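So the sequences go chain by chain: A and B.
Here my numbering is used: position 284 in the first sequence is 284, and no number is missing along the way.
Here my numbering is used: position 317 in the second sequence is 317, and no number is missing along the way.
In this text, a Cβ means the ideal position worked out from N, Cα and C, and glycines have one as well.
As the structure is a prediction and not an experimental result, all values here were calculated from the model.
I have placed the structure first, in the form of structure tokens, so that the comments after it can refer back to it.
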Amino acid sequence: MTTDYKLAQGTLLLTGGTVLGSDGPVLADVLIEDGIITAIGQGLSAPDAEVLDVEGCTVGPGFVDLHTHLREPGKEQAETIETGTRAAALGGYTAVVAMPNTDPVLDSAFVVRAVLGLGATAMAEVAVAGAITVGRNGQELAPMAELSRLGVVLFTDDGSGVQNGGVARRALEYCRGLGVTYAEHCEDLGIAAGGVVHEGYWSSKLGLPGQPASAEEAMVARDLLLAGELGAHLHLLHLSTEGSVDLVRRAKAAGINVTAEAAPHHFTLTDESIASFDAVYKVNPPLRPAHHGDAVVAGLLDGTIDAIATDHAPHTPETKDLPFDEAPPGMLGLETSFSLSYARLVLGEGLSMEGLFDLLSTNPARIAKLDAASDRPFGQSEQGGRITVGRTANVVVIDPRATWTVEGSSLASLAQNTPYEGRKLQGVIRHTILRGEVVVRNGEPTR
Amino acid sequence: MIGPHLLSLEDLGTEGIVEILNVAESFAEVERRTMKKVPALKGKVVATLFFEESTRTRLSFETAAKRLSADVLSLSVASSSVKKGESLKDTLKTIEALGIDAVIIRHRSSGAPLQATRWLDDIHVVNAGDGWHEHPSQGLLDAFTVRQAWAQAEGVDAASTGSELFQGKRIVIVGDIAHSRVARSDVLAYQALGAHVTLCAPATLLPPSVKGWGVEVSTDLDDLLADVDLVSVLRLQAERGSGECVPSLREFTNSFGMTTARTSKLPPHALITHPGPMVRGIEIASEVADDPRCLVTTQVHNGVAVRMAVLFLLLSGGSMAFTDGEGS
């Protein structure tokens, strides 16, 4: 199935920005006509164009989130495809991959078609990850061939990992045959033993059941062995431990076909936050001590981890205002992802702006097969890469010097469960352009 | 300064703990009179909100509140809207609307009383046990009980000793430490008062990390018995899944039970405490439970005076003036 996307009609001129072009950053204007980038250069002019003065700003490819919980269908009180993609656009994203742990689960062509249909007119392009097993039950394989014919290229039971190694192996093998990617939420539930926080100092002190780092790492190790043995492509979701990063680093060195992502909250928060017993800090995988976050950062910087993914997980106030162990795990991520990553990786670690765009846009676009080189099975426009003439205008404009303060009630998501409430962040999304349409102008959504 | 809430013994420090123990001594004095009731909290309303089964703690708190002349609202979960799906937050807001001064909460989830302080305005919250986290009033009454016993043995007035009698004392806490809120509060109390604490349990029933606890850890109870002043025995929390952490109850008792044989190896002056409810024959032998050195009923008795002290200090602003002349 191809989604017939529309290019916005009209002319748009971005003037005076630093443009991430194919030969590196250049000071230039960017002309967008009927949704396509048609000229890049200094002193461009176009009569009748909408002109956006972007001096001092960085102009790059829109971000691509490999891990968004849009909650529709099933939990529309927390988020919908409409509100979730609005949050995405405000966060600089021009494409998101919707996770399949909805109700019903995205394990059938019917439901996948419905989500793609609603996504076609959304404020960011919506790709879909399908479930590996029926109802995410970890037992029977979902109709992955049928779903792949609709364009699904990523499969995951996210929310939980496939517990049975035999099922995981069979699914990986089946995915290899289809040329699609098996993506794992790594958590061995037996080892995790019902833990709701990271096992260690804070879990012991606070009397909260902990899950050890090995609960994640054991499944990372299992899947790497299986992927290596089968020659299948494995994608690892939200890696959060030092051991996981180390395992992936060694697997890549050994030639195993693996990609990995990490979420900003795992390198900007630690498990000390849980001392407040505020369930806004409850997330799965759990927040961990700082050395794990440092290892994740090292993995992002040396290419072990390919992508930053938000694991944007909206939850209604009434479900987060519960005793810590009863509340569901997850936090909002789309609107804070860039600023947090920018602060830690660019300002903190000296990563280049292009390097950050690789992590937020180019690499995730490639993993989701939304890049220019892929055949983009949903029929969507190309994402990632660099700002070049002839490309569809999926563009984000960032003001790296400006600051803003996070307020849950001002975020576009229906839910407000941000762990960064009141935090002042540097790096502001000025404009987001989707297929030539300005969907965010001066930090405000246009629809 | 104590208050406005009692959530964790960590918030009190040595001074705060000693103050509560000393105030409890004066209430214990009151208790020995014929007229046990004092008007200290007349006009105050105290609610008990227990989401978990409890006999002694609830009765103890309610008795304490009544002896201070407070009005007591007792909400039991079985008869409340909780069964109809009401959230903890809404239950708390409902009780708040009734006009209460303090709420005493027991909940199966660690941190629920701390969360309650964020959801309530101007209401004192007392933690009566939250998950595996803490049971502060139990920690206080355990410290009160052993201080009194040690003071009696030395023929001194307990209240005049501060934390002195704990210096250099060796305390072993044995049993299911990992799932025990009593263990965490006991450790904080005994540590703050200056005792040397050793936690003894099979590795699967020890907390994953005791970094910063200032305790020693042992998996060999027999090794510790010769040189100990107090053995604090904890119940195996079978309802919290500790059964899976040991091969069998028999094996647990063999290695960590306070049997008569082990008790006979203790120094003659050593004391034994147990927070109750006891499971005789598992963590403590029946003969040991009834041994005069085992303070379990004294603990229950002292619970009232200690909880009177807690409620009094939180709700009255700490003035002790009323006790003078109360008997006259």
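Would you decide whether residue i is buried or exposed? Buried here means 16 or more other CB atoms lie within 10 Å of its CB.
{"i": "B/D186", "result": "buried"}
{"i": "B/V246", "result": "buried"}
{"i": "A/Q9", "result": "exposed"}
{"i": "B/L311", "result": "buried"}
{"i": "A/S455", "result": "Because residue 455 of chain A is not part of the residues shown, which for chain A are 1 to 447, the question remains open."}
{"i": "B/L41", "result": "buried"}
{"i": "B/G325", "result": "Bear in mind that the predicted position of B/G325 carries a pLDDT of just 37, short of 50, making it too unreliable to give a figure here."}
{"i": "B/G162", "result": "buried"}
{"i": "B/I2", "result": "buried"}
{"i": "A/N164", "result": "exposed"}
{"i": "B/D222", "result": "exposed"}
{"i": "B/N127", "result": "buried"}
{"i": "A/T418", "result": "buried"}
{"i": "B/P277", "result": "exposed"}
{"i": "A/N284", "result": "buried"}
{"i": "A/N442", "result": "exposed"}
{"i": "A/S413", "result": "buried"}
{"i": "A/T80", "result": "buried"}
{"i": "B/S267", "result": "Here the sequence assigns Pro to residue 267 of chain B, which means Ser is not the residue at that position. B/P267 should be labelled exposed."}
{"i": "A/M144", "result": "buried"}
{"i": "B/M258", "result": "buried"}
{"i": "B/P39", "result": "exposed"}
{"i": "B/A64", "result": "buried"}
{"i": "B/N254", "result": "exposed"}
{"i": "A/S22", "result": "exposed"}
Could you round the C-beta distance between residue i and residue j to whole angstroms and report it? I think they count as a contact, below 8 Å.
{"i": "A/G161", "j": "A/H185", "result": "5 Å"}
{"i": "A/E354", "j": "A/L370", "result": "At roughly 19 Å, the Cβ-Cβ gap does not stay under 8 Å, so A/E354 and A/L370 are not in contact."}
{"i": "A/A215", "j": "A/E187", "result": "5 Å"}
{"i": "B/R329", "j": "B/D229", "result": "Past the edges of chain B, shown from 1 to 328, lies residue 329 of chain B, and the structure says nothing about it."}
{"i": "A/A279", "j": "A/A327", "result": "3 Å"}
{"i": "A/L14", "j": "A/V397", "result": "7 Å"}
{"i": "A/A129", "j": "A/P100", "result": "5 Å"}
{"i": "A/P329", "j": "A/K252", "result": "With a Cβ gap of about 28 Å, A/P329 and A/K252 do not count as contacting."}
CB residue i to CB residue j, shorter than 7 Å?
{"i": "A/V220", "j": "A/V180", "result": "no"}
{"i": "B/V103", "j": "B/V125", "result": "yes"}
{"i": "A/F324", "j": "A/G427", "result": "no"}
{"i": "A/T270", "j": "A/A290", "result": "yes"}
{"i": "A/A131", "j": "A/L172", "result": "no"}
{"i": "A/A46", "j": "A/L66", "result": "no"}
{"i": "A/Q380", "j": "A/Y5", "result": "yes"}
{"i": "B/S60", "j": "B/V210", "result": "no"}
{"i": "B/E25", "j": "B/T48", "result": "no"}
{"i": "A/E264", "j": "A/L340", "result": "According to the sequence provided, residue 264 of chain A is Pro. The question's Glu does not apply to it. Closer than 7 Å, so yes."}
{"i": "A/R170", "j": "A/D157", "result": "no"}
{"i": "A/L70", "j": "A/A98", "result": "yes"}
{"i": "A/V19", "j": "A/V59", "result": "yes"}
{"i": "A/A365", "j": "A/G384", "result": "yes"}
{"i": "A/T11", "j": "A/A49", "result": "yes"}
{"i": "B/A309", "j": "B/I20", "result": "yes"}
Any heavy atom of the ligand GDP closer than 6 Å to the Cβ of residue i?
{"i": "B/G139", "result": "Only the bare structure without any ligand can be found here, which leaves the ligand GDP out of the picture."}
Quiz item: Just checking, does the stretch 74-83 of chain A make contact with the stretch 297-310 of chain A on the three C-beta pairs under 8 Å criterion?
Solution: Touching, no.
Quiz item: So, do the stretch 348-362 of chain A and the stretch 96-110 of chain A have three or more beta carbon pairs nearer to each other than 8 Å?
Solution: Verdict: no, contact absent.
Quiz item: What are the start and end residues of each continuous alpha helix (DSSP H) run of 4 or more residues lying completely inside the stretch 249-329 of chain A, in chain order?
Solution: For the alpha helix (DSSP H) assignment, the uninterrupted runs of no fewer than 4 residues enclosed by the stretch 249-329 of chain A are, from N- to C-terminal side, 264-268, 290-301 and 317-320.
Quiz prompt | the stretch 190-207 of chain B contacting the stretch 216-232 of chain B, beta-carbon criterion three pairs below 8 Å | solution = Remark: three or more beta-carbon pairs, one from each stretch, lie closer than 8 Å, so the stretch 190-207 of chain B and the stretch 216-232 of chain B are flagged as touching.
Quiz prompt | contact_flag[the stretch 201-218 of chain A, the stretch 168-183 of chain A] where n(CB pairs < 8 Å) is 3 or more | solution = Taking a cut-off of 8 Å on C-beta distances, the stretch 201-218 of chain A does not touch the stretch 168-183 of chain A, as fewer than three cross pairs fall below it.
Quiz prompt | beta strand (DSSP E) segments (min. 3 residues) lying fully within the stretch 47-116 of chain B | solution = If we require 3 residues or more, the beta strand (DSSP E) runs fully inside the stretch 47-116 of chain B come out as 71-76 and 102-107.
Quiz item: Where in the stretch 20-72 of chain A do unbroken runs of the beta strand (DSSP E), each at least 3 residues long, occur, reported from the N-terminal end onward?
Solution: Listed in chain order, they are 24-33, 36-41, 50-53, 58-61 and 63-68.
Quiz item: Do three or more CB pairs link the stretch 48-55 of chain A to the stretch 81-89 of chain A at distances below 8 Å?
Solution: Verdict: no, contact absent.
Self-check item: Validate contact between the stretch 293-310 of chain B and the stretch 266-273 of chain B using beta carbons, cut 8 Å, 3 pairs
Solution: When Cβ pairs closer than 8 Å are counted between the two stretches, the stretch 293-310 of chain B is seen to touch the stretch 266-273 of chain B, the count reaching three or more.
Exercise. May I have a chain-ordered list of the beta strand (DSSP E) segments no shorter than 3 residues that lie completely inside the stretch 224-256 of chain B?
Key: Taking only runs of at least 3 residues, the beta strand (DSSP E) segments lying wholly in the stretch 224-256 of chain B are 230-233.
Exercise. Examine the Cβ distances between the stretch 127-143 of chain B and the stretch 298-306 of chain A and report whether three or more of them are shorter than 8 Å.
Key: Put simply, the stretch 127-143 of chain B does not touch the stretch 298-306 of chain A. Fewer than three CB pairs are less than 8 Å apart.
Quiz item: Is the number of C-beta pairs between the stretch 46-56 of chain B and the stretch 6-15 of chain B that are closer than 8 Å three or more?
Solution: Per the Cβ contact rule, the stretch 46-56 of chain B is not in contact with the stretch 6-15 of chain B (fewer than 3 Cβ pairs under 8 Å).
Self-check item: Completely contained beta strand (DSSP E) runs for the stretch 382-425 of chain A, where each covers 3 or more residues
Solution: Within the stretch 382-425 of chain A, the complete beta strand (DSSP E) runs of at least 3 residues are 395-405.
Quiz item: Hey, which unbroken runs of the beta strand (DSSP E) at 3 residues or more fall wholly within the stretch 66-153 of chain A?
Solution: For the stretch 66-153 of chain A, whole beta strand (DSSP E) runs of length 3 or above, ordered along the chain, are 93-98 and 125-130.
Self-check item: Segments assigned beta strand (DSSP E), at least 3 residues, entirely inside the stretch 115-142 of chain B
Solution: Here the runs fully enclosed are 124-130.
Quiz item: Enumerated in chain order, which unbroken segments of the beta strand (DSSP E) with a length of 3 residues or greater are wholly contained in the stretch 157-224 of chain A?
Solution: If we require 3 residues or more, the beta strand (DSSP E) runs fully inside the stretch 157-224 of chain A come out as 181-184.
Quiz prompt | Inter-stretch contact (C-beta, 8 Å, three-pair minimum) for the stretch 96-115 of chain B and the stretch 429-438 of chain A | solution = Short answer: they don't touch.
Exercise. Pick out the complete beta strand (DSSP E) segments inside the stretch 198-228 of chain B, 3 residues or longer, and give them in chain order.
Key: With a minimum length of 3 residues, the continuous beta strand (DSSP E) runs that stay inside the stretch 198-228 of chain B are 216-218.
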